[in-house]
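Position in the sequence shown (first residue = 1) + 405 = the working numbering.
Encoded as structure tokens, the structure appears first; notes follow it.
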Amino acid sequence: MKNFLPQGADLSYPLQIPSGFRMGVFADLGSGKPRVLTFDPNGVLFASATNEGRVAAMPDKNNDGIADGVINVLTGLNKPHGILFYGQHLYVAETDKVVRYLYDKNNFKTSGRQELFKLPAGAGHFTRTIKMIDNKLYTSIGSSCNVCAEKDEKRASIYVSKADGTNLKLFAKGLRNTVFFTADSSGRIWGNDMGRDNLGDNLPPDELNIIEGSLAGSESSDYGWPYCYGQRVRDRAFMGSSEPNYCINTKASAFEYPAHVAPLGIAFIDSDLFASGDQGGILAALHGSWNSSVPVGYKIVKLSVLGGRVVGMEDFITGFISNSEVLGRPVDLVFDSEGYLYISDDKAGLVYVVSRN
């Protein structure tokens, strides 16, 4: 059993969390901005520090809920973001490629670097995220722009391949920037997608999509961007006179977040920390707006799921913003094998841990 400090005891700003929970700092990455979190085969938490080109381990050998230190496992990478462990390998998605390494789980060492495939780099959204779902490797690639007709079909999409990177195929398109996605217990893929900017404070909604692509790659699902958003609404501000009926054959969102909240990390609740009625629900990290006249987001929310549909949303952790001053920006959310929740914050450079009182 892990021991945790009381809520806020080692935080420099007051995060609010529901009664019965407590929260502390698990690790401080200093100037590193932790993004994606994952666990190695021994249960050691890893983070990508995209801004510093490194992937770090945060062991907690004495199991006290505070990392013993931060160990750089890989450095000198090109904007590493997505990371995962599968078999004997550590996979890393850099902005221009997906690479895997043989991983020595006892010494935090890598060897045998193997580039699996290249990715489009350059302008626009530069993070690349990877997930291994049902022994297949999924890679999300954001758009090169706010809103445009892409020249490179790999942009604004999710691709799927075998675990070794071969047989790379388009899985789903029309996804402007699905930075984080995950699978539910039945294997359905759910992804948070960020809507375009410059349509005002209230449009378009950010989206949660159930991503039903094609493993054959022949008929990938289209989620609408750049022509459509939300419930197949035509974006008349973009090439409004062309493709007037484009949205008819696109996929509607499963749930609409408020505009500009920037949903990132997504995790299904399967933890004794939460009440039985919360199991199977979703936690989502709202990274926060940058171009809204009133700042929105900057919190962790809990989505209630019933019959495979989102039926409600409520705040779970707030306090990352105070009087319009941004103190933190939550990114990823992961549960460990004991059910404790870890949250990365790329504004404060911290990884938090949440438990019960």
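By construction, the Cβ of each residue, glycine as well, lies at the ideal position given by its N, Cα and C atoms.
Asked                                                                                                                                                              : Found
Using three-state DSSP, classify residue 517 as helix, strand or coil.                                                                                             : strand
Would DSSP call residue 750 helix, strand or coil?                                                                                                                 : strand
Between the beta-carbon of residue 752 and the beta-carbon of residue 731, is there less than 8 Å?                                                                 : yes
What are the start and end residues of each continuous beta strand (DSSP E) run of 3 or more residues lying completely inside the segment 553-585, in chain order? : 562-567, 574-578
Are the CB atoms of residue 600 and residue 583 within a distance shorter than 8 Å?                                                                                : no
Look at the alpha carbon of residue 686 and the alpha carbon of residue 441, and state the distance between them as a whole number of angstroms.                   : 21 Å
What's the call for residue 711, buried or exposed, on a 16-neighbour Cβ count within 10 Å?                                                                        : exposed
Note down the Cα distance separating residue 744 from residue 485, rounded to an integer number of angstroms.                                                      : 27 Å
Please state if the CB of residue 674 and the CB of residue 689 are separated by a distance shorter than 8 Å.                                                      : no
To the nearest angstrom, report how far apart residue 709 and residue 610 are at their CA atoms.                                                                   : 19 Å
Taking 7 Å as the cut-off, is the C-beta of residue 447 nearer than that to any heavy atom in the ligand GTP?                                                      : Looking at this structure, you won't find the ligand GTP or any other ligand, since it has none at all.
Using the three-state DSSP reduction, which class does residue 457 fall into: helix, strand or coil?                                                               : helix
In this structure, how does DSSP classify residue 681 when only helix, strand and coil are distinguished?                                                          : helix
Which residue marks the beginning of the beta strand (DSSP E) containing residue 689, and which one marks its end?                                                 : 687-691
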